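> Each position in the sequence shown, counted from 1, maps to that position plus 5 in the working numbering.
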Amino acid sequence: MTATKQHLLLAGMSFFLLLGLTLASPALAAINAQTTGLEATAAATYYDTTPISLPVLIGKIIDVVVGLSGLLVFILFVYAGFIWMTAQGDPTKVKKAQDILATATIGLLILLSAFAITNFVVTQLDVATTPTL
């Protein structure tokens with residue numbers, strides 16, 4: 006068998022292989038979403054389309070706000086640490102870094118207490134508004 010015939014045979018086999026895979030794609034796409042885990046993934050990533058109660062929605066919004074506030078506190082800690090490390094003995098920069106650290110720590114305590122209170126309130130509201138069977 007010559008090299009040209011081998012290349013033609015390989016090209017033909019590749020064509021039919023790719024054709025078979027292309028025609029099989031719609032059949033593979035028709036698999037039930039439950040067996041592929043898409044519904045569980047949608048629920049875990051907040052893309053679930055099932056209706057939720059108002060207290061749960063408010064709780065999710067508060068969780069996002071608290072999370073972003075926690076990120077801000079973390080950035081303040083890093084910033085204060087950077088200022089302190091680069092102060093090179095300058096007492097004004099050290100004092101500024103200590104003030105930022107103290108303020109960020111107080112903010113973190115307020116943030117954690119706010120999270121605990123809202124988590125408790127939203128849970129109790131959800132329990133109170135959910136009908137029992």
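C-beta: ideal position from N, C-alpha, C; glycine also. All figures in this text were calculated on a predicted structure; none of them were measured in a lab.
1) Under a Cβ-count criterion, where at least 16 other Cβ atoms within 10 Å of its own Cβ denotes burial, should A102 be classed as buried or exposed?
2) Suppose the cutoff is 7 Å on Cβ atoms and the five residues either side in sequence are ignored; what does the same chain contact list for T134 look like?
3) Express the C-alpha separation of L113 and G94 in angstroms, rounding to a whole number.
4) For M140 and L62, I'd like the C-alpha separation in whole angstroms.
5) Could you check the C-alpha separation between A85 and L106 for me, to the nearest Å?
6) What separation, rounded to the nearest whole angstrom, lies between the Cα atoms of A16 and T7?
7) Given this structure, state the Cα-to-Cα distance separating F82 from A109, to the nearest angstrom.
8) Starting from the C-beta of G75, find all residues in its chain whose C-beta is less than 7 Å away, skip the five residues before and the five after it, and write them out in chain order.
9) By the 10 Å Cβ neighbour count, where 16 or more other Cβ atoms means buried, how is G72 classified, buried or exposed?
10) For K98, which residues from the same chain have a beta carbon less than 8 Å from its beta carbon, with the 5 sequence-adjacent residues on both sides left out?
Taking the structure as given:
1) Working through the sequence shown from its first residue, we reach residue 102 at position 97. Buried is the call here.
2) Sequence index remark: in the sequence shown, residue 134 carries index 129 (1-based). The beta carbon of T134 sits closer than 7 Å to those of S58 and P60, all from its chain and outside the five residues before and after it, given in chain order.
3) The sequence position of residue 94 within the sequence shown is 89, counting from 1. The sequence position of residue 113 within the sequence shown is 108, counting from 1. For the pair G94 and L113, the Cα-to-Cα distance works out to about 27 Å.
4) For the chain, the structure presents residues 6 to 138; residue 140 sits outside this window and is missing.
5) Position 80 of the sequence shown, counted from the first residue, corresponds to residue 85. Position 101 of the sequence shown, counted from the first residue, corresponds to residue 106. Roughly 6 Å separates the two Cα atoms.
6) By 1-based counting over the sequence shown, the position of residue 16 is 11. By 1-based counting over the sequence shown, the position of residue 7 is 2. Straight across, the Cα-Cα distance linking A16 with T7 is about 14 Å.
7) Position 77 of the sequence shown, counted from the first residue, corresponds to residue 82. Position 104 of the sequence shown, counted from the first residue, corresponds to residue 109. So the alpha carbons of these two residues sit roughly 7 Å apart.
8) Taking the sequence shown and counting its residues from 1, one reaches residue 75 at position 70. So the list reads L116, once near-sequence residues are dropped.
9) For the purposes of this step, residue 72 is taken as the residue at position 67 of the sequence shown. With fewer than 16 other Cβ atoms inside 10 Å of its own Cβ, G72 counts as exposed.
10) The residue you call residue 98 lines up with position 93 of the sequence shown. Taken in chain order, the residues that qualify are I88, W89, T91 and A92.
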